[in-house]
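Please read the structure below before turning to the comments.
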Amino acid sequence: MKNCLSFLLCCLMYTSHAQVSSILPSPVTYVQREGSFQINQALTVNPSEINPSLFAQLKELGTIYHQLRIEPNVQNAMLQFKKLENVKQDSYSINVAERITISYSSDASCYYAMTSLMQLMKRNENGLSLPMCFVKDYPNFQWRGLHLDVSRHFFTVEEIKRFIDLMSYYKFNTFHWHLTDDQGWRIEIKKYPKLTEIGAWRDSTVDNHYTTVPRTYTKARYGGFYTQEQIKDVVAYAEAKYVTIVPEIEMPGHARAALAAYPEYSCTGKAQGVEGLWGIFDDIFCSKPASIQFLKDILDEVIPLFPGQYIHIGGDEAPKTRWHSCPKCQDIMKENHLKDEHELQSYFIRQMDAYVTAKGKKIIGWDEILEGGLSPNAAVMSWRGFDGGLEAAKQGHYVVMTPGSHCYFDHYQGKGKDEPLAIGGYTSLEKVFTFNPIPPDLGPEVSSYILGGQANIWTEYIPTFSKVEYMAYPRAIALSEALWCTNKPTYDVFLSVLVQDHFPQLERWKVNYSKSALKASLQTFRKGNGIEIQSTGMNFKEGEMTVTTSSISLMRARKKTNQVSFTIPSNYPGIGQTVNITNHLGLGAKVNYITQPSPKYNASDIVLVDGQFGARPWKGHEWIGFDTNVIVLEIDLGKITKIREVKVSFLQDENSWIHTPNQVEIESILPVRPYLVGRSKAPSLDTKNPNSEIWNIRGFGTSQILRITIKGADKIPQGQPGEGNMPWIFIDEIQIN
Ligand SMILES: [Zn+2]
2 MKNCLSFLLC
12 CLMYTSHAQV
22 SSILPSPVTY
32 VQREGSFQIN
42 QALTVNPSEI
52 NPSLFAQLKE
62 LGTIYHQLRI
72 EPNVQNAMLQ
82 FKKLENVKQD
92 SYSINVAERI
102 TISYSSDASC
112 YYAMTSLMQL
122 MKRNENGLSL
132 PMCFVKDYPN
142 FQWRGLHLDV
152 SRHFFTVEEI
162 KRFIDLMSYY
172 KFNTFHWHLT
182 DDQGWRIEIK
192 KYPKLTEIGA
202 WRDSTVDNHY
212 TTVPRTYTKA
222 RYGGFYTQEQ
232 IKDVVAYAEA
242 KYVTIVPEIE
252 MPGHARAALA
262 AYPEYSCTGK
272 AQGVEGLWGI
282 FDDIFCSKPA
292 SIQFLKDILD
302 EVIPLFPGQY
312 IHIGGDEAPK
322 TRWHSCPKCQ
332 DIMKENHLKD
342 EHELQSYFIR
352 QMDAYVTAKG
362 KKIIGWDEIL
372 EGGLSPNAAV
382 MSWRGFDGGL
392 EAAKQGHYVV
402 MTPGSHCYFD
412 HYQGKGKDEP
422 LAIGGYTSLE
432 KVFTFNPIPP
442 DLGPEVSSYI
452 LGGQANIWTE
462 YIPTFSKVEY
472 MAYPRAIALS
482 EALWCTNKPT
492 YDVFLSVLVQ
502 DHFPQLERWK
512 VNYSKSALKA
522 SLQTFRKGNG
532 IEIQSTGMNF
542 KEGEMTVTTS
552 SISLMRARKK
562 TNQVSFTIPS
572 NYPGIGQTVN
582 ITNHLGLGAK
592 VNYITQPSPK
602 YNASDIVLVD
612 GQFGARPWKG
622 HEWIGFDTNV
632 IVLEIDLGKI
642 TKIREVKVSF
652 LQDENSWIHT
662 PNQVEIESIL
672 PVRPYLVGRS
682 KAPSLDTKNP
692 NSEIWNIRGF
702 GTSQILRITI
712 KGADKIPQGQ
722 PGEGNMPWIF
732 IDEIQIN
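Using the numbering used here, read the sequence shown as starting at 2 and increasing by one per residue.
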């Protein structure tokens, strides 16, 4: 084995800039002056200058941030407050001079000023010090939200309060509480006690990623719910921290828990248990009047519990199979001249909209509620990209942007194989940081309907609150930067403040935050007769962050496949990593696409021959994806090589419409004349054979160019997600032995 290893270092410096504060999200203006303000024992405040609730919050913030005592002092307080009139909504300023002065326009902005003040304080040997400075600040967007799914996994009242605490420290103001779904109903409804007696509990929960074959279940009763008294307590707790709660009662889909308790409100009336598998299910609420009344009765109890103006009614992922074959639903369509089931969904949602509107509230729903016509007062939460939201905004509806690309915190945040199980996808800290709810070139008229943005935390793969924290932080802080800041710094400046000032604070709060964003990012290039892996990572030393680039070269295996590992060290605890490479005869070989991959999943053609296998569940970047069912590509080894077998690896992920192919054929081409040597036939489509993810094709002699032809199905079979559409084919690593 002759691997050539080389190590290069180059450093870029990010020294702390004088006008960068330790406040996140970053303020509009920060001016630092010479000197500091020292607080030795306690911070004195005149309590008559602010309302008693804010005084209580200040005491709590003092304790939680710095173990700092806040003491009343009417005559000569160190911290003074001034109420401003006629200024921008929720704006505040902090002036640290001989005294500290907070000027604020609303109680919420006073709370925001207090959190900023706490973030400015640094501990020294005498106590706490503040830089002499001036801060002026206000939010860019009015909807700064985090969502939490408590149906797939349940979280206690204490955990919900901690979730609210953390979001309030980062100036979020909206908590979207996803209270109902197929796997559990979580809110007490007095008129329908079976919703929580039966609907809050499931008998089993699917193990591992739900695409794992064979599928297994943990057979244990799982569940929980919140009483109305507990809900009131949480709402009041959130209100004191200027967080509004938006409850979500899903309809007409994601209703299996409710229908387990009251099957009479489905189309078929069939009794079924609360679901223990993740996904989308055909049984939804019937559109008949009795079901509509059932939901109205539920809303009668939900609405008075939540003082905010919005009630979320779901509206997403409602298969129309049952409605299509239900005589009652079909009669309603005829009576109301509805041309299809999408219009029936629209008719359903309109009734809810009218009901909620009559009670002085507004509905918001996922972007599917646009299909078949949108109710006049409805606001839209755009999750399937930006387009639904843009369409709604153009029609004059308010919109909250939560696109999966930037705002789904159930996706992976790191590329490492050591990331805990997630649903799939890859949404890095940097990606979240770059989020802008308003797409470029959108005129002011339409953009005025975009209220802001929100991250969604779906909990299929998040069974514990500790993992909620891991998935949410620090990405939530990057999102707060995206939603709050008018004056967003560069990502490097943000990262530097995050790591130096906020990670230690999260550490003190015992938040299980992720350090994945600090791990070196790897890029592979072709080099000579092999590859070069470049790693770019961060190092931290005495308040300075440096970006370090190093590279490692690896020559292609000459005769036999072998395993090579590299360790990329880091001086930040817990972020060093090991890279495993399978060095084979095709490492770094030239790839010639006769069929072009989808631009969305085409990171670099070297991905196919970089010795690194795409992970499952897939994270996007390490696979090459094709949205066609005949794929032709060639691997050119550059010289005549003796080949024993070729292993082509595919991905099977039905829920993402990704299927393994039916046929893989390899032609061996010598420079002189082409001839066919290897051919392999697939198991038939309806065979769930996990081995079909890897195709082993043997029977080669010597070859130089391998022409690989892959054939997939024309259509996704019935009964599977995306049925009738052409499946995607995802390939990673063509290993040549
Ligand atoms: Zn029906």
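A virtual CB, placed ideally from N, CA and C, is assigned to each residue, including glycine.
Shown here, serine 27 sits in coil according to DSSP, grouped into three states, outside any helix or strand. For tryptophan 624, the closest alpha carbon among the candidates Gln664, Leu652, Ile188, Val136 is that of Leu652.
In chain order, the residues that have a beta carbon nearer than 7 Å to some heavy atom of ligand 1 are Cys268, Cys287, Ser288, Lys289, Arg323, Trp324, Cys327, Lys329, Cys330. Beta-bridge annotation (DSSP): tyrosine 227 is paired with Ile188. If you draw a straight line from the Cα of glycine 702 to the Cα of isoleucine 644, it comes to about 6 Å. In this structure, the CA atom of proline 618 is about 12 Å from the CA atom of phenylalanine 731. Annotation: the stretch 262-325 contains the following complete segments of the alpha helix (DSSP H) (minimum length 4 residues), in chain order: 290-303. In this structure glutamine 346 touches glutamate 372 by the C-beta definition: roughly 7 Å separates them, less than 8 Å. Considered as a whole, the stretch 545-591 harbours 545-556, 563-569, 578-584 as its complete beta strand (DSSP E) runs of no fewer than 3 residues, in chain order. In the DSSP assignment, methionine 402 is bridged to Ser383, Gly454.
With fewer than 16 other beta carbons inside 10 angstroms of its own, valine 75 counts as exposed.
The count of Cβ pairs closer than 8 Å, one atom from the stretch 38-51 and one from the stretch 114-134, reaches three, so the stretches are in contact. In summary, threonine 181 is buried, with 16 or more beta-carbon neighbours lying within 10 Å of its beta-carbon over all protein chains present.
Restricting attention to Ile232, Ser205, Ile350, Val236, the CA atom closest to the CA of alanine 221 is found in Ser205. With a cutoff of 7 Å on beta-carbon distance, proline 438 and glycine 415 are scored as not near each other.
Cβ contact annotation for serine 429 (same chain, cutoff 7 Å, sequence separation greater than five): Gln414, Ala518, in chain order.
Ranked by how close their Cα comes to the Cα of isoleucine 532, the residues Gln597, Pro505, Lys395, Gly612 have Gly612 in first place.
Counting the other CB atoms within 10 Å of its CB gives aspartate 354 a total of 16 or more, which places it among the buried residues. Here valine 88 carries a coil assignment [DSSP, helix/strand/coil]. The residue among Gly723, Ser376, Val633, Ser650 with its C-alpha nearest the C-alpha of isoleucine 706 is Val633. A check of alpha carbon separations from lysine 191 across Leu300, Thr460, Glu86 identifies Leu300 as the nearest.
In this structure the stretch 534-544 lies against the stretch 511-525, because at least three pairs of beta carbons, one per stretch, are closer than 8 Å.
Judged by their CB atoms, isoleucine 304 and lysine 360 are nearer to each other than the 7 Å cut-off.
In this structure, phenylalanine 142 lies near leucine 484, with their beta-carbon atoms less than 7 Å apart. Under a 10 Å Cβ-count criterion, histidine 407 is classified as buried, with 16 or more other Cβ atoms of the shown protein chains found around its own Cβ.
Straight-line spacing of the CA atoms in lysine 137 and glutamate 318 works out to 43 Å. Annotated as distal: aspartate 298 and threonine 322, with beta-carbon spacing of 7 Å or more.
Glutamate 533 is bridged by DSSP to Phe526, Ser554.
Where histidine 179 is concerned, the enclosing beta strand (DSSP E) starts and stops at 175-179. A Cβ-Cβ separation of about 6 Å places phenylalanine 495 in contact with glutamate 482 under the 8 Å criterion. Considering only Ile458, Ile51, Phe295, Thr213, the residue with the shortest C-alpha distance to serine 152 is Ile458.
Three or more beta-carbon pairs separated by less than 8 Å are not found between the stretch 165-183 and the stretch 211-218, which leaves the two stretches without contact.
Taken through DSSP and simplified to helix, strand or coil, histidine 67 comes out as helix. Between phenylalanine 349 and serine 288, the gap from beta carbon to beta carbon is short of 7 Å. For the stretch 612-680, the continuous beta strand (DSSP E) assignments of 3+ residues that do not extend past its boundaries occur at 625-627, 631-643, 646-651, 664-670, in sequence order.
Distance from the CA atom of proline 215 to the CA atom of leucine 586, rounded to whole angstroms, is 33 Å.
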